[in-house]
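Residue numbers (the UniProt record's numbering): 1 to 131.
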(Lines of atoms letter the chains of each structure in order from A and count residues from 1; the text may use other names and numbers.)
(Lines give C-alpha, C1' and ligand atoms only; values in the text may rest on other atoms or scores of the structure.)
Protein backbone atom coordinates (compact mmCIF):
# COMPACT_ATOMS: atom_id res chain seq x y z
CA UNK A 1 0.00 0.00 0.00
CA UNK A 2 1.30 3.45 -0.88
CA UNK A 3 1.98 5.84 1.95
CA UNK A 4 -0.50 8.69 2.37
CA UNK A 5 -0.06 12.28 3.43
CA UNK A 6 -2.05 11.61 6.60
CA UNK A 7 0.06 8.54 7.35
CA UNK A 8 3.24 10.58 7.00
CA UNK A 9 1.82 13.26 9.30
CA UNK A 10 0.79 10.79 11.99
CA UNK A 11 4.11 8.95 11.90
CA UNK A 12 6.20 12.14 11.85
CA UNK A 13 4.32 13.70 14.76
CA UNK A 14 4.38 10.45 16.76
CA UNK A 15 8.13 10.07 16.25
CA UNK A 16 8.70 13.74 17.09
CA UNK A 17 7.17 12.97 20.49
CA UNK A 18 9.35 9.79 20.67
CA UNK A 19 6.37 7.51 21.22
CA UNK A 20 6.18 3.92 20.03
CA UNK A 21 3.09 2.81 18.13
CA UNK A 22 1.87 0.96 21.21
CA UNK A 23 2.44 3.94 23.52
CA UNK A 24 0.66 6.36 21.20
CA UNK A 25 -2.24 3.98 20.67
CA UNK A 26 -2.60 3.31 24.38
CA UNK A 27 -2.63 7.04 25.21
CA UNK A 28 -5.26 7.63 22.49
CA UNK A 29 -7.31 4.57 23.54
CA UNK A 30 -7.10 2.97 20.10
CA UNK A 31 -5.65 -0.29 18.78
CA UNK A 32 -1.95 0.04 17.87
CA UNK A 33 -2.55 -1.99 14.70
CA UNK A 34 -5.02 0.66 13.52
CA UNK A 35 -2.47 3.44 14.07
CA UNK A 36 0.07 1.34 12.13
CA UNK A 37 -2.41 0.90 9.26
CA UNK A 38 -3.00 4.65 9.17
CA UNK A 39 0.74 5.35 9.08
CA UNK A 40 1.37 2.88 6.26
CA UNK A 41 -1.63 3.94 4.17
CA UNK A 42 -3.49 0.66 4.56
CA UNK A 43 -6.32 2.63 6.19
CA UNK A 44 -7.11 6.08 4.87
CA UNK A 45 -10.39 7.28 6.38
CA UNK A 46 -10.08 7.70 10.15
CA UNK A 47 -12.63 9.78 11.99
CA UNK A 48 -11.80 13.40 12.62
CA UNK A 49 -12.29 12.66 16.33
CA UNK A 50 -9.55 10.00 16.26
CA UNK A 51 -7.08 12.25 14.45
CA UNK A 52 -7.77 15.07 16.93
CA UNK A 53 -7.22 12.61 19.79
CA UNK A 54 -3.89 11.53 18.31
CA UNK A 55 -2.84 15.16 17.85
CA UNK A 56 -3.50 15.79 21.56
CA UNK A 57 -1.41 12.73 22.46
CA UNK A 58 1.39 14.03 20.22
CA UNK A 59 1.16 17.56 21.72
CA UNK A 60 0.96 18.80 18.13
CA UNK A 61 0.98 22.54 17.49
CA UNK A 62 -2.18 24.24 16.29
CA UNK A 63 -0.73 24.43 12.77
CA UNK A 64 0.26 20.74 12.70
CA UNK A 65 -3.15 19.77 14.08
CA UNK A 66 -4.85 21.84 11.36
CA UNK A 67 -2.67 20.19 8.74
CA UNK A 68 -3.46 16.67 9.99
CA UNK A 69 -7.20 17.28 10.28
CA UNK A 70 -7.25 18.79 6.77
CA UNK A 71 -5.57 15.63 5.48
CA UNK A 72 -8.46 13.46 6.76
CA UNK A 73 -10.52 14.58 3.76
CA UNK A 74 -7.62 14.92 1.31
CA UNK A 75 -6.11 11.46 1.15
CA UNK A 76 -4.43 12.07 -2.21
CA UNK A 77 -2.09 14.78 -0.86
CA UNK A 78 1.54 14.19 -1.83
CA UNK A 79 3.34 12.62 1.18
CA UNK A 80 6.59 14.44 0.35
CA UNK A 81 4.75 17.78 0.51
CA UNK A 82 3.34 16.84 3.93
CA UNK A 83 6.78 15.84 5.17
CA UNK A 84 8.28 19.11 3.90
CA UNK A 85 5.55 21.22 5.54
CA UNK A 86 5.94 19.43 8.87
CA UNK A 87 9.70 20.06 8.81
CA UNK A 88 9.32 23.77 8.00
CA UNK A 89 7.11 25.59 10.54
CA UNK A 90 7.19 28.74 8.39
CA UNK A 91 4.82 27.06 5.90
CA UNK A 92 1.36 28.31 6.85
CA UNK A 93 -1.70 26.09 6.60
CA UNK A 94 -3.04 28.36 3.81
CA UNK A 95 0.12 27.96 1.75
CA UNK A 96 0.18 24.21 2.42
CA UNK A 97 -3.44 23.64 1.35
CA UNK A 98 -2.93 25.78 -1.77
CA UNK A 99 0.20 23.80 -2.68
CA UNK A 100 -1.60 20.52 -2.04
CA UNK A 101 -4.37 21.58 -4.41
CA UNK A 102 -2.04 22.31 -7.33
CA UNK A 103 -2.46 19.84 -10.18
CA UNK A 104 0.47 19.14 -12.47
CA UNK A 105 0.52 18.34 -16.16
CA UNK A 106 2.47 15.33 -17.30
CA UNK A 107 4.92 13.51 -15.09
CA UNK A 108 7.06 16.51 -14.15
CA UNK A 109 6.28 17.61 -10.64
CA UNK A 110 8.25 20.29 -8.80
CA UNK A 111 9.88 19.26 -5.55
CA UNK A 112 7.99 20.40 -2.42
CA UNK A 113 10.42 23.26 -1.67
CA UNK A 114 9.96 24.72 -5.17
CA UNK A 115 6.19 24.31 -5.05
CA UNK A 116 5.90 25.96 -1.62
CA UNK A 117 8.16 28.84 -2.75
CA UNK A 118 5.95 29.43 -5.80
CA UNK A 119 2.77 29.42 -3.70
CA UNK A 120 4.30 31.77 -1.10
CA UNK A 121 5.34 34.14 -3.89
CA UNK A 122 1.83 34.04 -5.35
CA UNK A 123 0.38 34.84 -1.91
CA UNK A 124 2.87 37.72 -1.48
CA UNK A 125 2.04 39.07 -4.95
CA UNK A 126 -1.66 38.88 -4.09
CA UNK A 127 -1.04 40.79 -0.84
CA UNK A 128 0.89 43.47 -2.78
CA UNK A 129 -2.08 43.95 -5.13
CA UNK A 130 -4.43 44.40 -2.16
CA UNK A 131 -2.40 47.34 -0.82
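Every residue gets a Cβ at the ideal spot worked out from N, C-alpha and C, and that includes glycine. Quick caveat: nothing in here was measured; it's all calculated off a predicted structure.
On the CB-based measure, 16 or more other CB atoms within 10 Å of its CB, does residue i come out buried or exposed?
i: residue 45; result: exposed
i: residue 56; result: exposed
i: residue 4; result: buried
i: residue 102; result: exposed
i: residue 108; result: exposed
i: residue 110; result: exposed
i: residue 100; result: buried
i: residue 25; result: buried
i: residue 122; result: exposed
i: residue 75; result: exposed
i: residue 114; result: exposed
i: residue 64; result: buried
Is residue j closer than 8 Å to residue i when the C-beta atoms are compared?
i: residue 119; j: residue 82; result: no
i: residue 6; j: residue 71; result: yes
i: residue 84; j: residue 14; result: no
i: residue 10; j: residue 27; result: no
i: residue 135; j: residue 2; result: Summary: the structure shown does not reach residue 135, with the chain confined to residues 1 through 131, and so no result is reported for it.
i: residue 8; j: residue 21; result: no
i: residue 66; j: residue 93; result: yes
Segment contact flag, the region 86-95 with the region 35-52, C-beta cutoff 8 Å, min 3 pairs
The answer is no - the region 35-52 does not touch the region 86-95, with fewer than three Cβ pairs under 8 Å.
Mind pulling the alpha helix (DSSP H) runs of 4 or more residues that sit fully within the region 13-56?
21-28 and 32-40
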